[in-house]
Amino acid sequence: MDVMDFEDVLAAYEPVMGLEVHVELNTVSKMFCGCSTAFGAEPNTQVCPICLGLPGSLPVINGKAVESAIRIGLALNCQIASWCRMARKNYFYPDMPKDYQISQYDEPIAFDGYLDVEVDGETFRVDVERAHMEEDTGKSLHVGGATGRIQGADYSLLDYNRAGVPLIEIVTRPITGAGEKAPQVARAYVAALREILRGLDVSDVRMEQGSLRCDANVSLMPRGAAVFGTRTETKNVNSLRSVEGAVRYEMCRQGAVLSEGGTVRQETRHWNEAEGFTTPGRSKETAEDYRYFPEPDLVPIAPDAAWVEELRATLPEPPAERLARVTKEWGFTDLEMRDVLGAGAIGVIDQTVAAGATPQAARKWWLGELVRRANEAGVELAEVGMTPAQVAELQRLVEGGTINDKLARQVIDGVLAGEGDPEQVVATRGLSVVSDEGALSAAVEAAIAANPGVADKVRAGKVQAAGALIGAVMKEMKGQADAARVRELVLEKLS
Ligand SMILES: [Zn+2]
Numbered sequence: 070m071d072v073m074d075f076e077d078v079l080a081a082y083e084p085v086m087g088l089e090v091h092v093e094l095n096t097v098s099k100m101f102c103g104c105s106t107a108f109g110a111e112p113n114t115q116v117c118p119i120c121l122g123l124p125g126s127l128p129v130i131n132g133k134a135v136e137s138a139i140r141i142g143l144a145l146n147c148q149i150a151s152w153c154r155m156a157r158k159n160y161f162y163p164d165m166p167k168d169y170q171i172s173q174y175d176e177p178i179a180f181d182g183y184l185d186v187e188v189d190g191e192t193f194r195v196d197v198e199r200a201h202m203e204e205d206t207g208k209s210l211h212v213g214g215a216t217g218r219i220q221g222a223d224y225s226l227l228d229y230n231r232a233g234v235p236l237i238e239i240v241t242r243p244i245t246g247a248g249e250k251a252p253q254v255a256r257a258y259v260a261a262l263r264e265i266l267r268g269l270d271v272s273d274v275r276m277e278q279g280s281l282r283c284d285a286n287v288s289l290m291p292r293g294a295a296v297f298g299t300r301t302e303t304k305n306v307n308s309l310r311s312v313e314g315a316v317r318y319e320m321c322r323q324g325a326v327l328s329e330g331g332t333v334r335q336e337t338r339h340w341n342e343a344e345g346f347t348t349p350g351r352s353k354e355t356a357e358d359y360r361y362f363p364e365p366d367l368v369p370i371a372p373d374a375a376w377v378e379e380l381r382a383t384l385p386e387p388p389a390e391r392l393a394r395v396t397k398e399w400g401f402t403d404l405e406m407r408d409v410l411g412a413g414a415i416g417v418i419d420q421t422v423a424a425g426a427t428p429q430a431a432r433k434w435w436l437g438e439l440v441r442r443a444n445e446a447g448v449e450l451a452e453v454g455m456t457p458a459q460v461a462e463l464q465r466l467v468e469g470g471t472i473n474d475k476l477a478r479q480v481i482d483g484v485l486a487g488e489g490d491p492e493q494v495v496a497t498r499g500l501s502v503v504s505d506e507g508a509l510s511a512a513v514e515a516a517i518a519a520n521p522g523v524a525d526k527v528r529a530g531k532v533q534a535a536g537a538l539i540g541a542v543m544k545e546m547k548g549q550a551d552a553a554r555v556r557e558l559v560l561e562k563l564s
């Protein structure tokens, strides 16, 4: 595929982006029925006549999903509709057994908001056009082909467990003026949105499990032009890195098409995560193709103004305010703070401090061991598999002398392997430091006896030489000793 150099694209064209983010809510039951929404169950075990769209079944809206939708709207500085309806979006697709999806069309529950995002110290305001409610579709699994795609597959299987799971779709207005930073702005927007959703506790926001999915619309217009170019929509870009990569790639691909005198086809495209490019999908339907009309089986939604204000009072601290607060409270150096921001660790450190750890200790664990393990696993820090409460517990065990830093790393191994909380891991793996003075004393004496030359040097006043003896004891105790106490004992016995 022909692509243009990124710098050359910017010299000739202005990128315009639109981001659509689908968020699966973490409600216990589905949007219009009582079926479970739990992830990972046996296919087609969480279904009923309503979410299978069987004739005669009638939907009932999930109140908790409406509440979450309103809270999301408020957190994105949106207006909340005082009256709105669900709509039928008609299309035939095997993963939507009713042949229509219940969504919202011209009456979204939340509209006209914004989210400020920061890129390299510069703030970009991303306008949010709307946040609307809808139901998720089922999942198709294409079997027998090389790619997992329908092309070349022998047959397809359908799993309706996901059909009817509550979704919120958050749609931005066209994002212009970002220029060379467009790919980074897209990434920063999705990252900031995810942080807000996590703070609201309305979704698992796990991009790799699909509970947060981003579609990136990208177009180019010649510099100085007033009319947007034709856009493409890259679907289901499921990591932050891919959001940035997909926007950048589409800019370069479209730049090549336009500069050779071609036209960009309006279509959906697929992001190839492994290879870092997009491939064409189906040509894009327009709203007319869906024949929207108000859903006749559901009553309108008219949230009471007092209820909306009650929900507003439940919103967590906005990210910008939280950043200002923790910058003051934690007392980190500028460099430390930059590292924390770079690792996306503000939220987890804040929660770890709230769970009782000092800011320095929280930073040490998250930016040391846990960042490394998150990178190895290719996941975000908050998804590494250890919670802020567990990190605070780990630090308590270190401060209380139950374990040392070296053992703490083994405790982290255990927690990440699903062996339970730090205390359980210490108990089941037998990791606590040896506090039996008799055993320590015997190990120290054995080390002195085995290294008479070193012992003589320490006796002669070369205290640095004690390191070799301490090392021997720690090795003998398999790391499960308090090194400071061992040092004391060595010096005591040789003084
Ligand atoms: Zn159901």
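Numbering of the sequence shown is given in my numbering, commencing with residue 70 and proceeding in unit increments. A virtual CB, placed ideally from N, CA and C, is assigned to each residue, including glycine.
When you compare each of Ile219, Gly268, Ser288 to Ile244 by their alpha carbons, which one comes out closest?
Ser288
With Ile237 as the anchor, note down where its beta strand (DSSP E) starts and where it stops.
235-241
Would you tell me roughly how many angstroms separate the C-alpha atoms of Val97 and Gly132, rounded to the nearest one?
11 Å
From Gly298, Ile237, Gly122, pick the residue whose C-alpha is nearest to that of Gln173; which is it?
Ile237
Look up Met320 in the DSSP assignment and say whether it is helix, strand or coil.
helix
Taking the straight line between their C-alpha atoms, what separation do you get for Ala382 and Ile418?
24 Å
For ligand 1, I want to know if Ile370 counts as a neighbour, meaning its beta carbon is within less than 6 Å of at least one of the ligand's heavy atoms.
no
Rounded to whole angstroms, how far is the Cβ of Asn473 from the Cβ of Ala552, which I believe are closer than 8 Å?
Going by Cβ atoms, the distance from Asn473 to Ala552 rounds to 7 Å, so yes, they are a contact pair.
How about Cys104: is its Cβ closer than 6 Å to a heavy atom in ligand 1?
Under cutoff, so the answer is yes.
Please classify Lys167: is it buried, with 16 or more other beta-carbons within 10 angstroms of its beta-carbon, or exposed?
buried
Along the chain, where does the alpha helix (DSSP H) containing Tyr162 start, and where does it finish?
That residue, Tyr162, is in no alpha helix (DSSP H); it is neither H nor E in DSSP.
I'd like to know whether the C-beta atoms of Arg351 and Thr332 end up nearer to each other than 7 Å.
no
Helix, strand or coil for Ala529, going by three-state DSSP, please let me know.
Correct three-state label for Ala529: coil.
For ligand 1, is there any heavy atom lying closer than 6 Å to the beta carbon of Cys117?
yes
Closest to Phe75 by CA distance: which of Gly314, Ala134, Ala371, Asn444 is it?
Measuring from the Cα of Phe75, the nearest candidate turns out to be Gly314.
Using beta-carbon positions only, say whether Asp284 and Glu89 come within less than 7 Å of one another.
In this structure, Asp284 places its C-beta atom within 7 Å of the C-beta atom of Glu89.
Check the C-beta distance from Ile141 over to Val271 and give it rounded, since I have them as a contact under 8 Å.
6 Å
Considering Cα atoms alone, identify which of Val480, Lys562, Ser280, Arg334 is closest to Glu302.
Arg334
Keeping to the same chain, check which residues put their C-beta closer than 6 Å to that of Met290; ignore five residues upstream and five downstream.
Cβ within range, chain order: Glu83, Phe297, Gly298.
Excluding five sequence neighbours on each side, which residues of the same chain lie with their C-beta closer than 6 Å to the C-beta of Val326?
Correct list, in chain order: Val333.
Any heavy atom of ligand 1 closer than 6 Å to the Cβ of Cys120?
yes
Run through DSSP, which three-state label would Pro565 get?
Nothing in the structure corresponds to residue 565, since the chain is present only between 70 and 564.
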